[in-house]
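Asks: This structure is in structure tokens; I'll ask about it shortly.
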Amino acid sequence: MTRGWILTWIASLAVAGCARPSTTGCKPYPGSPDWPAAEAWRRLNETLGGRLLSPSPPAAACHRDRPEYDAARCAEISKRWVTFDWHTQDPVSNCWSQFSNDTCLPDGPSCSGQGYPPFVVNATTARHVKAGIDFARKYNVRLLVKGTGHDDNGRSIAPGALSIWTHHMKEIEYHASEFRLAGSGRCIQGSAVTVGAGNQMYDIYVATARYNKTIVGGGGKSVGVGGYLSGGGHSILGARYGLGADNVLEMQLVTPGGDIVTANEDQHSDLFWAMRGTTKADPDPDSVQGGGSTFGAMTSVTLKAHPSPSIAYITWYAYMSADSPVAFDLVGYVLSQFPTLMDEGVSGYQYIFDKMPNPLPGDGQPKVISGLIGGFMLQDVTDATKLEALLKPVEDAIGRRWNGTAHIVKETKLYASFLDWFDVNYDQGVAGGNVYRTSRLVDRKALTGDPKALGEAYRAATKAAGAVTAYMVAGKAVQKARPRGGGNAVNPAWRQAYLQSLTGVTYPSFNQTAERTTIEALDVTLDPLKALTPTMGAYINEGWLFEKDWQKTFWGSNYARLHRIKKQVDPTNVFVCFPCVGSEGWFQRDDGRLCRR
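First residue of the sequence shown: 33, per the working numbering; consecutive thereafter.
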């Protein structure tokens, strides 16, 4: 992109003369009298050393009426549109198209930039991030942060906003035996790694594997470190080390006031507490998956680095014919055994499904099945003996109770390191479509109290999409975690949880009826599971965008303190996103403009 092209864009979007203060209660918007003038954008670009972008809409090359039209480029975009990597590498694209209102798809009828931020700070340093925040604060422009665009709630994209793109902040520094906190100089023994906000899970896994280490991280290669951690961050390694946020030693961030600070247990301790578990500070998983910081924009973070474990992993299927009236009795029984397994260090990703074509057809096999499929992991073992012994009572009980009607199929594999396991088993889902998700954290009482009611609750949870997860990512290590500084802002429900259960529905673009039907189905599909978990809540990074009691559901008893900190550090609402701490007083109009209620 040439300097002349961007300045032409600036002139076309800006209003001549000086921006006037808003009298509407809304943030300035392109074309409104209070939108910053061309000269203001020119000065910002100069401050940034030419790093202010005005990107084309992501699929502009596929539309003949656009000056960017390029058939060869369009073919490449269309091919890669379903990959997370493509959306990660684009300065404005989001992995889920509904959050741009489907305004520029490769196969869409038209293309405009109305669903995307018109200006992007291509940040590589904390000073670049500061310049963007200072500009947004001065002119009251809507501000968001994009790391990967992986956010399940679309917080890394908004129309009429200035976006800070942290994707190229890729520094990684390994600390072999100790780490000293900024300010106090306190020495924390053990290995650690400091990573820039633009790093994704696979970047860090590969870098730490060189030292036979790993971090507590997400299950997808493209998940961004900032959004993952500041939402809490669940992991298949959580059975031993807790949540990702529990493993943070220190963070560098830029505050809404434009200060570049390092937050840890000894300085800026309120920010250190709030940034670990409140909302995606790098809007990014996995789940998944955040746009708009609340307390500041994270620029780097230091994490504990743990020995990379050898792993026993059993891929495990337990199912019946879909027409069996007791198929979900099987599901309820197996789930009721998860707390016992997890207390012994087992973790994993399980999927409960209803009426699925059998992926293992053969003689005597039902063609359509209901049940569970997934994998069980045990860390720091060199053979599968212990894991198989832990699963044997479950398998024996299934054989006794449902002999001849229940099927168990399994495959055992050993991995020398976490990276070896991840290279085979990482989340290989697709991006680029329209999808909404909802989730619930599940505790021991719900799992062990009434297995039949539990099975029926999970049957109901499959109704919207045909499947629901039972991620074994919590348990003892999460419940007993001792984060630095004495705590963090993750939902207290995590400290009772064993499972994270998630379901989602895709729907076709440009179909408002399908979108409404999807929202209505997801709004109730977890109601029976919620009835079994009345004291629990949900994981913000995979939470329901339309959650009615979102403050309690996502943050529980931590919300009041978070709200106080928000008022202290961001009194003028430089950062606003949904659902985020302090967003009660704001809404986005149908035309995309952000306004006070």
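Every residue, glycine too, gets a C-beta built ideally from N, C-alpha and C. In this text, all values refer to a predicted model and were calculated from it rather than measured experimentally.
#1: Give the straight-line distance between the Cα atoms of N520 and W113, rounded to the nearest whole angstrom.
#2: State the Cα-Cα distance for the pair A354 and V400, rounded to the nearest angstrom.
#3: Give me, in chain order, the residues of the same chain whose beta-carbon lies closer than 6 Å to that of D623; leave out the 5 immediate sequence neighbours on both sides.
#4: If contacts are defined as beta-carbon pairs under 8 Å, then Y237 and F454 qualify, I think. What distance do you get, rounded to the angstrom?
#5: Quick one: residues in its chain with C-beta nearer than 7 Å to the C-beta of C106, no 5 flanking neighbours on either side, listed in chain order?
#6: Are G252 and M283 touching if we call contact CB-CB under 8 Å?
#7: The alpha helix (DSSP H) with A429 in it runs from where to where?
#8: Around the Cβ of K580, are there at least 16 other Cβ atoms within 10 angstroms (buried) or fewer (exposed)?
#9: Count Cβ pairs between the stretch 363–374 and the stretch 471–483 that sit closer than 8 Å; are there 3 or more?
#10: Can the beta-carbon of G507 be found closer than 8 Å to that of Y530?
#11: For T567, which three-state DSSP category applies?
#12: Counting only runs of 4+ residues fully inside the stretch 459–486, write out the alpha helix (DSSP H) ranges in chain order.
#13: Report all residues from its chain with a CB closer than 6 Å to the CB of N590; omit the five preceding and five following residues, and keep chain order.
#14: Would you check if the stretch 549–565 and the stretch 469–477 touch, i.e. whether three or more CB-CB distances between them fall below 8 Å?
#15: Kindly list the residues whose CB is nearer than 6 Å to the CB of I204, restricted to its own chain and excluding five residues on each side of it in sequence; keep chain order.
#16: Here's the rule: buried if 16 or more other CB atoms are within 10 angstroms of the residue's CB, otherwise exposed. What is F327?
#17: For L392, does the count of other Cβ atoms within 10 angstroms reach 16, so buried, or fall short, so exposed?
#18: In chain order, what residues of the same chain lie with their CB nearer than 6 Å to the CB of S88, ignoring the 5 residues before and after it?
#19: Taking just the CA atoms, how far does P141 sit from L631?
#20: Do you know whose CA, among A463, S449 and A163, lies nearest L84's CA?
#21: If you drop the 5 nearest sequence neighbours on each side, which residues of the same chain put their C-beta closer than 6 Å to that of R169?
#22: What's the C-alpha gap between N172 and V255?
#23: Of the residues P339, P357, Y349 and Y503, which one's Cα is nearest the Cα of H439?
#24: Skipping 5 residues on each side, what residues in its chain have a beta carbon closer than 8 Å to that of M374?
#25: Can you tell me whether T198 is buried or exposed, with buried defined as 16 or more other CB within 10 angstroms of its CB?
#26: Can you tell me the Cβ-Cβ gap for V617 and R628, rounded? I've got them flagged as a contact below 8 Å.
#27: Mind checking who F607 pairs with in its DSSP beta bridge?
#28: Helix, strand or coil: how does DSSP classify A306 here?
#29: Give me the DSSP bridge partner(s) of M283.
#30: Would the beta-carbon of P611 fall within 8 Å of that of F586?
#31: For S132 versus I189, is the C-beta spacing smaller than 8 Å?
#32: For T414, which of S267, S332, P341 and V378 has the nearest alpha-carbon?
#33: For the alpha helix (DSSP H) containing M233, name the first residue and the last one.
#34: Taking buried to mean at least 16 other C-beta atoms within 10 Å of its own C-beta, is V153 buried or exposed?
#35: Taking DSSP's pairing of strands, which residues face C58 in a bridge?
#36: Compute the Euclidean distance between the alpha carbons of D235 and K598, then round it to the nearest angstrom.
Replies: To lay it out plainly:
#1: Each residue's alpha carbon lies about 37 Å from the other.
#2: Roughly 6 Å between the two C-alpha positions.
#3: None.
#4: With 8 Å as the limit, Y237 and F454 qualify as a contact, their Cβ atoms being about 6 Å apart.
#5: Setting aside the 5 residues that flank it on each side, C106 is surrounded in the same chain by A93, C94 and P138, each with a C-beta closer than 7 Å to its C-beta; the list follows chain order.
#6: Not a contact, by the Cβ cut-off of 8 Å.
#7: T417 to R433 is the extent of the alpha helix (DSSP H) around A429.
#8: Flag for K580 reads exposed.
#9: The answer is yes - the stretch 471–483 touches the stretch 363–374, with three or more Cβ pairs under 8 Å.
#10: At a Cβ-Cβ threshold of 8 Å, G507 and Y530 count as neighbours.
#11: Of the three classes helix, strand and coil, the one that applies to T567 here is coil, per DSSP.
#12: As far as the stretch 459–486 is concerned, its whole alpha helix (DSSP H) runs of at least 4 residues are 476–481.
#13: So the qualifying residues of the chain are A521.
#14: A contact exists between the stretch 469–477 and the stretch 549–565.
#15: Within the same chain, Cβ atoms closer than 6 Å to the Cβ of I204 are found at V227 and A239, the five residues on either side in sequence being excluded.
#16: The residue is buried, with at least 16 neighbouring Cβ atoms inside 10 Å.
#17: Exposed, by the Cβ-count rule.
#18: Same-chain partners within the cutoff: E100.
#19: Any property of residue 631 remains undetermined from this structure, which presents the chain solely from 33 to 629.
#20: Checking every option, the nearest Cα to that of L84 belongs to A163.
#21: Contacts found: V606.
#22: Distance between the alpha carbons of N172 and V255 is about 30 Å.
#23: By alpha-carbon distance to H439, the top candidate from P339, P357, Y349 and Y503 is Y349.
#24: The residues are A271, M504, A506, G507, K508 and Y530.
#25: The residue in question, T198, is buried, as its Cβ has 16 or more Cβ neighbours within 10 Å.
#26: Before going further, note that residue 617 is Gly rather than Val in the sequence given. The C-beta distance from G617 to R628 rounds to 6 Å, short enough to fall under 8 Å.
#27: Residue pairing by DSSP puts F607 in a beta bridge opposite L175.
#28: Under the three-state reduction of DSSP, A306 is assigned to helix.
#29: Note: M283 sits in a beta bridge opposite A295 and V333.
#30: A Cβ-Cβ contact shorter than 8 Å links P611 with F586.
#31: S132 is a Cβ neighbour of I189, given a cutoff of 8 Å.
#32: Out of S267, S332, P341 and V378, P341 has the C-alpha closest to the C-alpha of T414.
#33: M233 to A241 is the span of the alpha helix (DSSP H), which, as asked, contains M233.
#34: Its Cβ being crowded by 16 or more others within 10 Å, V153 is buried.
#35: Partner(s): C627.
#36: Approximately 31 Å, taken between the alpha carbons.
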